[in-house]
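Residue numbers (my numbering): 6 to 341.
Here it is as structure tokens:
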């Protein structure tokens, strides 16, 4: 029997065309600025190291006044709105171009977007810089990004993909709410903004993972049988996660523990359906699988906290670990 030399990840369906790389038409700018993922993935990767190092120094030596805002808020904000959103926007700028066939921002406009993101990273360390101006510049990145990824979708009226794109707009709203809290305008703004954005990112990852993880596994292990997926699990997990996010952000109730238990069960079943012994031979496959596993474990830890003392920050960081692993795996897939 002849062995196929075809790349197992090269075959795509319509919604997997987001992972194909097509260069913009050549203009008078460097290749680094041809596609959105290049500068944004690079910046996200570099910032992740620097942000974690900065937080380690703050946490280790207790210098809570290193920034204009409380250090724990700065840490949460930068991991959500700086690192993660740079990855999300870079990914979507590439994906939307392939979905729609419409060229997304590149060259000077992409450089402008990158510079806004970069300037916003330094502003918290500028002594005496007005917080309101920091909020405007920082939020400008998300608003600019929302327009950049939405325009091609609206132009060709590809409404089926607008749900993914709209999450960038919702992230911009969450960011505004966060700063309204910092400015003392909205009492619970910081909590609502940070946690709302965090669960929006989780929602986006669950949507994307449901598409890409089984697709990659089926082709990566050359499975003759398609992996099992359940429409019931798809619908139930989406509805329950919405309830979970609402309970966690806005309405503190013991019902969240029941919801988290159901989500843990549903995502565990999904992981069982997706498992194949061959995934452990391919880095992309096991990294995506483990990323999803940590998301499921996060719900398990939340459930367990009803019975024993488990820090809520452990739950959050378990989810964050899953987000980090998933983002690294997807950056590697798109880039390589």
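Virtual Cβ for every residue (Gly too), placed ideally from N, Cα, C.
Does DSSP put residue i in a helix, in a strand, or in coil?
i           : result
residue 163 : coil
residue 280 : coil
residue 197 : helix
residue 189 : coil
residue 74  : coil
residue 4   : In the structure as shown, the chain begins at 6 and stops at 341. Residue 4 is therefore absent and cannot be evaluated.
residue 143 : helix
residue 63  : helix
residue 104 : helix
residue 172 : helix
residue 111 : coil
residue 294 : helix
residue 229 : coil
Determine the burial state of residue i: buried for a count of at least 16 other Cβ atoms within 10 Å of its Cβ, exposed for fewer.
i           : result
residue 139 : buried
residue 35  : exposed
residue 131 : exposed
residue 341 : exposed
residue 233 : exposed
residue 303 : buried
residue 259 : exposed
residue 318 : exposed
residue 221 : buried
Got a sec? Which residues, its chain only, sit under 6 Å from residue i by beta carbon, not counting five neighbours each side?
i          : result
residue 5  : Outside the modelled stretch of the chain, which goes from 6 to 341, sits residue 5, for which no answer is possible.
residue 53 : 88
Among residues of its own chain, excluding the 5 on either side of residue i, which ones have a beta-carbon nearer than 8 Å to its beta-carbon?
i           : result
residue 180 : 86, 143, 144, 147, 198 and 202
residue 107 : 101, 156, 157, 160 and 161
residue 6   : Low per-residue confidence applies at residue 6: pLDDT is 36, beneath 50, and the placement is therefore not dependable, though the value from the model is reported in the following sentence. Hits under 8 Å: none found.
residue 287 : 225 and 226
Give the straight-line distance between the Cα atoms of residue i and residue j, rounded to the nearest whole angstrom.
i           : j           : result
residue 300 : residue 283 : 21 Å
residue 94  : residue 150 : 7 Å
residue 309 : residue 37  : 46 Å
residue 84  : residue 134 : 22 Å
residue 137 : residue 172 : 24 Å
residue 43  : residue 312 : 46 Å
residue 62  : residue 334 : 27 Å
residue 231 : residue 128 : 50 Å
residue 19  : residue 217 : Low confidence applies here, because residue 19 scores a pLDDT of 46, under 50, leaving its location unreliable and the question unanswered by this model.
residue 290 : residue 330 : 12 Å
residue 344 : residue 279 : For the chain, the structure presents residues 6 to 341; residue 344 sits outside this window and is missing.
residue 92  : residue 50  : 9 Å
residue 327 : residue 152 : 28 Å
Suppose the cutoff is 7 Å on Cβ atoms and the five residues either side in sequence are ignored; what does the same chain contact list for residue i look like?
i           : result
residue 238 : 271, 274 and 275
residue 191 : 182 and 185
residue 195 : 78, 183, 186 and 187
residue 163 : 104 and 105
residue 176 : 90, 147, 202 and 205
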